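Written below as structure tokens is the structure these notes are about.
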Amino acid sequence: MRRLPLLFAVLLLGGTLALTGCDSTGVSDDGEEDAPLRTIRVENLPADPDTSSAPGGRPQGYNQFAFFDLRDSTLVLRSDTETRADSASTEWDIAFRSVDIIVNGGANGPGEGAVYLAEGAFQEVTEATPDSLTRDAVTDWYTYNANGNNIVRPTPGRTLVVRTADGESYAKIRILSYYEGAPETPAESDAASRYYTFEYQIQDDGTSFE
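In terms of the numbering used here, the sequence shown opens at residue 1222 and continues consecutively.
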């Protein structure tokens, strides 16, 4: 397996990732201030986008997940074919296909990954709760067709909390958009769907995001 940096336009200078200021800092057991957690922004991650040429209707992709490594902020590809990794790999933590989100654990992969959807805004989720974790797919992170316009919208006040495939780290994720370019009003744009923009923080020392 090899890791491929995201080639998407991302905050400011168009780099593969954006490392913004931290939301908070913490203090370690020895009294020293911990380094702040970085907020990483990923834009336009393709989640089995439409491959058909017919206008309108439900997008028709290849029915493949996009596998993502939260620890290294990379898409994970097979080194031999340069295609997306399959679920047998332990190199990925979370994967996206249309509105489906899975983690690397249980029936979806050989890792120790797990996830739950926290009832709270991103800034308010300050601690991962291991007892709430499940290895099931995440299905209730969005609302659809709320105003009769067939638009997928992330549900406000919901945050994904993920245990990574190695079982050693926790990440919290807020999904910002399901549409290419993250338009402010998707219903009024012609932006393609199945392109995720999200931000996350990852903690490799304990369960606290503070």
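Built from N, CA and C at the ideal position, the CB exists for glycine as well.
Predicted, not measured: the structure shown is a model, and the values here were computed from it.
What are the boundary residues of the beta strand (DSSP E) that residue i is part of?
i: Q1281; result: Q1281 -> no beta strand (DSSP E), and no H or E assigned at all.
i: L1298; result: T1295 to L1298
i: S1414; result: S1414 to Q1424
i: T1364; result: Y1363 to Y1365
i: S1398; result: Y1391 to Y1400
i: I1261; result: T1260 to P1267
i: F1288; result: A1287 to D1290
i: P1375; result: V1373 to P1375
i: F1317; result: I1315 to R1318
i: T1380; result: R1379 to R1384
Got a sec? Which residues, its chain only, sit under 6 Å from residue i by beta carbon, not counting five neighbours each side?
i: T1170; result: Residue 1170 lies beyond the residue range present for the chain, which begins at 1222 and ends at 1431; the question has no answer from this structure.
i: F1286; result: A1316 and R1318
i: G1332; result: T1311, N1325, G1326 and A1386
i: I1372; result: P1407 and A1408
i: G1427; result: none
i: W1410; result: Residue 1410 is actually Ser in this sequence, not Trp. Cβ within range, chain order: P1404.
i: Y1391; result: A1349, R1384, Q1424 and T1428
i: R1279; result: none
i: S1398; result: T1418
Once you ignore the five residues that flank residue i on each side, which residues in its own chain have a CB closer than 7 Å to its CB?
i: A1335; result: V1324, G1326, L1354, T1355, R1356 and R1384
i: E1401; result: N1265, A1412, A1413 and Y1416
i: D1290; result: R1224, V1297, E1312, W1313 and D1314
i: Q1281; result: D1271, T1272 and S1273
i: E1389; result: D1425
i: N1370; result: A1408
i: L1338; result: V1359, D1361, W1362, R1379 and L1381
Pop quiz: residue i and residue j are said to be a contact at Cβ under 8 Å. What is the actual Cβ separation, rounded to whole angstroms?
i: V1346; j: K1393; result: 5 Å
i: T1295; j: Q1422; result: Going by Cβ atoms, the distance from T1295 to Q1422 rounds to 17 Å, so no, they are not a contact pair.
i: N1284; j: S1308; result: Going by Cβ atoms, the distance from N1284 to S1308 rounds to 13 Å, so no, they are not a contact pair.
By Cβ distance, which residues of its chain are closer than 8 Å to residue i, with the 5 residues on each side in sequence left out?
i: G1242; result: Since pLDDT at G1242 reaches only 33, below the 50 mark, its modelled position is unreliable, and the value read off the structure follows with that caveat. Cβ neighbours of G1242 beyond the five flanking positions: P1257 and T1260.
i: I1396; result: W1362, Y1363, P1375, L1381, Y1417, T1418 and F1419
i: G1378; result: E1340, G1341 and A1342
i: N1368; result: A1408
i: A1358; result: D1321, I1322, I1323 and N1329
i: N1366; result: I1372
Contact between the stretch 1338-1353 and the stretch 1383-1393 (3+ Cβ pairs under 8 Å)
yes
In chain order, which continuous runs of the beta strand (DSSP E) of length 3 or greater are located wholly inside the stretch 1307-1360?
Counting whole runs of 3 or more residues, the stretch 1307-1360 contains the beta strand (DSSP E) stretches 1315-1318, 1321-1324 and 1335-1340.
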